[in-house]
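Going letter by letter, the sequence shown gives residues -21 to -1, 1 to 137 in mature numbering (1 follows the signal peptide of the UniProt record, and there is no 0).
I have placed the structure first, in the form of structure tokens, so that the comments after it can refer back to it.
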Amino acid sequence: MKNIFKLMVLFALLFCGSSCSDDEELTVARLEVTTANLNGVWQLAEWNGQPLAEDTYCYIKFNRKDQTFEMYQKFDSMYARYITGSFSIRKDPYLGAVIAGVYDYGNGDWNNEYIVTDLLESGSMVWTATEDKSDINKYVRCDRIPDEIIEEVKADQE
């Protein structure tokens, strides 16, 4: 009986050792790209593999119900901007989920449409421009837009 018990313990150790190793790749939960899963605030964390330059930022707040967005950004100007508009998501048979946007007040479309990939349950997603595969943006989910960003935008618009 002791030998059977020892064999069972040995088998359990061997089984766990081969299937529970630290080298095993973890499965990451990906979400479907839908308005519901994009809903909320996202911060641009990386642009083309690099963190944003100091004193620059981009926050996007998506509203799934009416498919609108609010954007707080400071990139190509010394002034912060508040931009609003609407967005849409379409499923392309070759590219997957593609997001596009239109700015309010007749300011036109976004510069690019973006393929949305790696929308992770942990709170990040990657956008790749459909017309420029080297234009890659990584966003991370935030609880809210920081008060100091909202205040800076208000001050710069006055």
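Idealized CB from N, CA, C, for every residue including glycine.
In this structure, how does DSSP classify residue i when only helix, strand and coil are distinguished?
i	result
residue 131	helix
residue 83	coil
residue 122	coil
residue 1	Bear in mind that a pLDDT of 48 at residue 1, under 50, signals an unreliable position, so the model cannot answer this.
Measure the C-alpha to C-alpha separation of residue i and residue j and round it to an integer number of angstroms.
i	j	result
residue 40	residue 112	24 angstroms
residue 101	residue 19	14 angstroms
residue 95	residue 114	12 angstroms
residue 93	residue 79	7 angstroms
residue 83	residue 110	23 angstroms
residue 55	residue 131	15 angstroms
residue 59	residue 52	6 angstroms
residue 133	residue 57	14 angstroms
residue 46	residue 68	9 angstroms
residue 30	residue 36	10 angstroms
residue 126	residue 85	28 angstroms
residue 33	residue 136	21 angstroms
residue 108	residue 91	6 angstroms
So, for residue i: in the same chain, excluding its five sequence neighbours on each side, which residues have a beta-carbon less than 7 angstroms away from its beta-carbon?
i	result
residue 123	20
residue 70	76
For residue i, I'd like the list of residues in its chain whose CB is within less than 6 angstroms of its CB, leaving aside the five on either flank, ordered along the chain.
i	result
residue 3	For residue 3, the pLDDT reaches just 47, beneath the cut-off of 50, and the residue's location in the model is therefore unreliable, although a value from the coordinates is still provided. No residues qualify anywhere along the chain.
residue 63	49, 83
residue 139	This structure cannot speak to residue 139, because the chain is shown only from -21 to 137.
residue 105	96, 97, 117
residue 25	117
residue 103	119
residue 22	38, 119, 121
residue 27	115
Is the shortest distance between the beta-carbon of residue i and the beta-carbons of chain B less than 8 angstroms?
i	result
residue 16	Included in the structure is just one protein chain, with no chain B present.
When we look at the beta-carbon of residue i and count the other beta-carbons within 10 Å, is it buried (16 or more) or exposed?
i	result
residue 76	buried
residue -1	Caution is warranted here: a pLDDT of 44 is assigned to residue -1, below 50, making its placement in the model unreliable, and the coordinate value is therefore given only provisionally. Exposed: under 16 other Cβ atoms inside 10 Å.
residue 116	buried
residue 50	buried
residue 73	exposed
residue 12	buried
Going by the C-beta, is residue i closer than 7 angstroms to any heavy atom of the ligand HEM?
i	result
residue 128	As for the ligand HEM, it is missing from this structure, which has no ligand bound.
What residues in its chain sit with their C-beta under 8 angstroms from that of residue i, if we drop five residues either side in the sequence?
i	result
residue 10	16, 98, 99, 100
Please list the segments of the beta strand (DSSP E) lying wholly inside the stretch 11 to 80, counting only runs of 3 or more residues, in order along the chain. Complete beta strand (DSSP E) runs here, min 3: 19 to 26, 36 to 42, 47 to 53, 60 to 71.
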